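Undergrad: There's a structure below that I have some questions on.
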Amino acid sequence: MKKANQKIYYDKKTDVLWLNLKSGAEEEYKEVAPGINLELDKKGELLGIEILNASKVLGTKPKINQKSFDQFASVPHRIK
Numbered sequence: 001m002k003k004a005n006q007k008i009y010y011d012k013k014t015d016v017l018w019l020n021l022k023s024g025a026e027e028e029y030k031e032v033a034p035g036i037n038l039e040l041d042k043k044g045e046l047l048g049i050e051i052l053n054a055s056k057v058l059g060t061k062p063k064i065n066q067k068s069f070d071q072f073a074s075v076p077h078r079i080k
């Protein structure tokens, strides 16, 4: 996984947090918990994580910085 492709986006209006781990075209997504979706490419490889109602799920409004990304980036390795 190349660090240059890793980005976090947070939309304050919709309260959606996107964790982009790898570039590529999304083919499908899998809901792993209410409001938490894994975005997958056509090979089934993880491209990113989408969190709907992020402030409710996380218990606070997201504050995005590199440290917060590094903490979130470890999540996909625990999901299978």
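Take the sequence shown: its position 70, counted from the start at 1, is 70 in UniProt numbering, and no numbers get skipped. Each residue gets a CB set at the ideal place from its N, CA and C atoms; glycine is no exception. Small disclaimer: the values here were computed from a predicted structure and weren't measured.
Count the other CB atoms, across all protein chains shown, that sit within 10 Å of the CB of Gly-44; report buried if there are 16 or more and exposed otherwise.
TA: Result: exposed.
Undergrad: Quick one: give me the first and last residue of the beta strand (DSSP E) that residue 96 is part of.
TA: This structure does not reach residue 96, given that the chain is present from 1 up to 80, and the question cannot be answered.
Undergrad: Measure the alpha-carbon distance for Leu-46 versus Asp-11 and round it to whole angstroms.
TA: Taking the straight line joining both Cα atoms gives about 21 Å.
Undergrad: From Met-1 to Ser-23, what does the alpha carbon distance come to, in whole angstroms?
TA: For Met-1, the pLDDT reaches just 36, beneath the cut-off of 50, and the residue's location in the model is therefore unreliable, leaving the point undetermined.
Undergrad: How many angstroms separate the CA atom of Ala-54 from the CA atom of Ala-25?
TA: When rounded, the distance between both Cα atoms is 23 Å.
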